[in-house]
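Student: Quick note: the sequence shown, position 140, residue 139 per numbering that gives the first Met the number 0, numbers continuous. Would you mind keeping the following structure in view while I ask a few things?
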Amino acid sequence: MDKINTENRERWNALANANVVWSQPRLEHTIEAARQQIGRHGILTDVREKRVLCLASGGGQDSVSFGLLGADVTVLDLSDVQLERDRQAAAHHGLQVTTCQGDMRDLSRFPAQVFDIIWQVYSLNFVPAVLPVFHGVARLLKPGGIYFVQFANPFVQSVDEKAWDGKAYPLKYPYIDEEDITRYFPSWDVPQPDGSQIALLSPHEFRHTLSTVMNTLTSCGFTFLGLWECMERTPNPEPGSWEHFTQVAPPWFDSFWRKEG
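Take a look at the structure:
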């Protein structure tokens, strides 16, 4: 493992042990809620008996949704604690889920053209370059397979959401592809059950420009199906709040792609 991989594994384990929101397994999840999550944007409708890889998507959330909907689910994640949450959630719901610890940049453990769907929530920005990930995904998907990848809005990574000045969130940082932006955002504040927050080291996070993401996926044999901005839908949010920030500058995108034969 390289330094980025080693440090991100340690930092994600620490975040998961502190119960960051993406590490809270969905123990009360329902089939209807799973349909709404997986079927958002109208691309995936029936995943029964589909082979699904939740790529760098541990935490006991996405794997549960696919499992409840009848899919054959494998999870690969860098964090040991995140994978433990998937096993915890699977046992709670009586599901069979395969978990693998590993780096999204190296998918050589899996045979080619084995998955119908690869589902990757926000994690692409934790590696320095997108090409190894997209090459690996293209190799693993069956012809006609679907790739869902969620990634940071690279323009918003130049904005500090805590920098509301009463009128705007100013652009602050240069727009550089593959830059490690962790130096701008060195820690995450993780809420605790007693209402306090603890500050933990941020995982290494990198900016990937929109042109890099879109053009690299196309060059790897994917057809673009759609892109959607993600934001909180709170009515009349308080200026300076996270909910308000996302309505001014949507922080990430959902995108769907199809692997051509």
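Even glycine gets a Cβ: it sits at the ideal position worked out from N, Cα and C.
Quick check on L26: buried or exposed, where buried means 16 or more other Cβ atoms within 10 Å of its Cβ?
Tutor: exposed
Student: If we require 3 or more residues per run, which beta strand (DSSP E) segments fall completely within the segment 208–234?
Tutor: 221–229
Student: Hey, how far is the Cα of W21 from the Cα of L75?
Tutor: 15 Å
Student: Nearest to L140 by alpha carbon, out of R257, F65 and N235?
Tutor: R257
Student: Using the rule of at least 16 other Cβ atoms within 10 Å of the residue's Cβ for burial, across every protein chain shown, is G135 buried or exposed?
Tutor: buried
Student: Would you list the one or two residues that DSSP bridges to V96?
Tutor: V72
Student: Please check the pair G144 and D115, which I expect to be a contact at CB under 8 Å, by giving their CB distance rounded to whole angstroms.
Tutor: 5 Å
Student: Looking at the unbroken alpha helix (DSSP H) that takes in S64, where does it start and where does it end?
Tutor: D61 to L67
Student: What's the C-alpha gap between K161 and T245?
Tutor: Near 12 Å, if we compare the C-alpha coordinates of T245 and K161.
Student: CB V51 to CB D71, shorter than 8 Å?
Tutor: yes
Student: Where does the unbroken alpha helix (DSSP H) through F244 begin, and where does it stop?
Tutor: W241 to V247
Student: Does the count of Cβ pairs from the segment 41–51 and the segment 102–120 closer than 8 Å reach three?
Tutor: Counting Cβ pairs under 8 Å, three or more are found: they touch.
Student: Based on the DSSP secondary-structure assignment, which residues constitute the bridge partners of P190?
Tutor: Listed as beta-bridge partners of P190 by DSSP are Q196.
Student: In or out: Y174 buried (at least 16 other Cβ within 10 Å) or exposed?
Tutor: Y174 should be labelled exposed.
Student: Among the candidates E204, P234 and F255, whose CA atom is the shortest distance from the CA of N273?
Tutor: Coverage of the chain is limited to positions 0 through 260, which leaves residue 273 absent and any answer about it impossible.
Student: Among the residues of its own chain, which have a CB less than 6 Å from the CB of C28, if the five just before and after it don't count?
Tutor: Sequence inspection shows His at residue 28; the Cys mentioned does not correspond to that position. If we look at H28 and ignore the five residues flanking it on each side, its Cβ neighbours are V63.
Student: Flag this pair as yes or no: are the beta carbons of E228 and H207 separated by less than 8 Å?
Tutor: no
Student: Quick check: what's the CA-CA separation for R232 versus A167?
Tutor: 19 Å
Student: Using the Cα positions of P110 and W241, report the straight-line distance between them to the nearest angstrom.
Tutor: 41 Å
Student: Threshold first: 3 residues or longer. Then list the beta strand (DSSP E) segments lying entirely within the segment 89–140, N to C.
Tutor: 96–100 and 114–119
Student: Where does N214 land, buried or exposed, given buried means 16+ other C-beta within 10 angstroms?
Tutor: exposed
Student: If we ignore side chains and look at the alpha-carbon of each, how far apart do W251 and F150 end up?
Tutor: Approximately 6 Å between the Cα atoms of the pair.
Student: What would DSSP say about Q87, mapped onto helix, strand or coil?
Tutor: helix
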